[in-house]
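For reference, the structure discussed in these notes is given below.
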Amino acid sequence: MAVPSVGAPSLTPPADMIGTPSNTLGQADFLEMLTAELKAQDPMNPLQGQEFASQLAQFSSLQELQKMGSTADQTLQANILLAQTFNNTMASSLIGKDVRANLDTMTLGASGNVNMSYSLPTTATTLSVDIKDSTGAVVRTLQLNPQLNGEHTFTWDGTDGNGHRVSPGTFTCSINATDVDGNAVQATTFLQGRVSAVTFENGNAELTVDGVTVMLGQVISISDPGESSTTKKG
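Below, the structure is given as structure tokens:
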């Protein structure tokens, strides 16, 4: 009796078993692919045992990797929250303290002068300060006296080169200094003042120091009010 030939079935799974493509292969996707392969396999050439075991091992590894990734992500989020809580608690305790911060900006009001501190690593024989507005334009250049190495301050009266009072706002300053041989001296500017308020933006603490906003990470020293300062008037 003739035995009807058995043709190899298509290895392509039915259309209703093929999901929408995605960038990430999840557990359900992997299991669905494995099930589809078992259903569509050739009965005359079934899936070999070692192949089946290998695919099950891959599925198990996928599960473990996803669990590890989830745990690592939760740990990272917890560490970020802990760091923010610590910084915010510390920032709140700084109200009323005198701080020093790495900063090159100063806020000018409708009246009064503005002071800015700076540090010189070596003696500067020529010294000037460019004061710029929010557009980067120089509104005033101050010529300072030669200074020894150390900390100093300069004062700006809020006027431009023609002696006119400029509009209130935030200004930046850059110090140009050279030594006796004409070599550039790298001056560092910093803000020194008392913390009057602490605000929180997107979970980050911001200090208000003499009307200037200072990030907690910019603070380089903290002291109690009334402590002596080594800053010299320039």
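In our numbering, the protein residues as written are 3 to 236.
Cβ coordinates follow ideal geometry from the N, Cα and C atoms, glycine included.
> DSSP three-state call for F88: helix, strand or coil?
Replying inline: With a pLDDT of only 49 at F88, under the threshold of 50, the placement of this residue in the model should not be trusted, and no figure is reported.
>> How far does the beta strand (DSSP E) with T1 in it extend, from its first residue to its last?
In response: Summary: the structure shown does not reach residue 1, with the chain confined to residues 3 through 236, and so no result is reported for it.
>> Which same chain residues end up closer than 8 Å to D226 when comparing Cβ atoms and leaving out the 5 residues on each side of it in sequence?
In response: K99, D100
> Roughly how many angstroms separate the alpha carbons of H154 and G228, rounded to a whole number?
Replying inline: 18 Å
> Hey, how far is the Cα of L96 from the Cα of D183?
Replying inline: 43 Å
> Going by Cα to Cα distance, which pick from A189, A112, V131, A179 is closest to T157?
Replying inline: V131
> First and last residue of the beta strand (DSSP E) that includes V214?
Replying inline: 214-217
> Does the count of Cβ pairs from the segment 169-186 and the segment 194-209 closer than 8 Å reach three?
Replying inline: no
> How would you write the range of the beta strand (DSSP E) that T128 sits in, first residue to last?
Replying inline: 128-134
> Roughly how many angstroms lie between the CA atoms of G171 and T128, to the nearest whole one?
Replying inline: 28 Å
> According to DSSP, which residues form a beta bridge with Q2?
Replying inline: Lying before the first or after the last residue shown, residue 2 is absent from the chain, which here runs from 3 to 236.
>> Taking the straight line between their C-alpha atoms, what separation do you get for T191 and H166?
In response: 25 Å
> Between L144 and I133, what straight-line distance do the alpha-carbon atoms span, to the nearest angstrom?
Replying inline: 8 Å
> Going by the CB atoms, is the gap between V116 and L122 shorter than 8 Å?
Replying inline: no
> Which of helix, strand or coil does DSSP assign to Q220?
Replying inline: helix
> Taking the continuous beta strand (DSSP E) assigned at S113, which residues delimit it?
Replying inline: Where S113 is concerned, there is no enclosing beta strand (DSSP E), given that its DSSP letter is neither H nor E.
>> Rounded to whole angstroms, what is the Cα-Cα separation between S169 and A179?
In response: 28 Å
> Going by alpha carbons, who is nearest to Q149 out of A93, A189, F202?
Replying inline: A189
> Who are the Cβ neighbours of S223 in its own chain at under 8 Å, not counting the five residues just before and after it?
Replying inline: V101, R102
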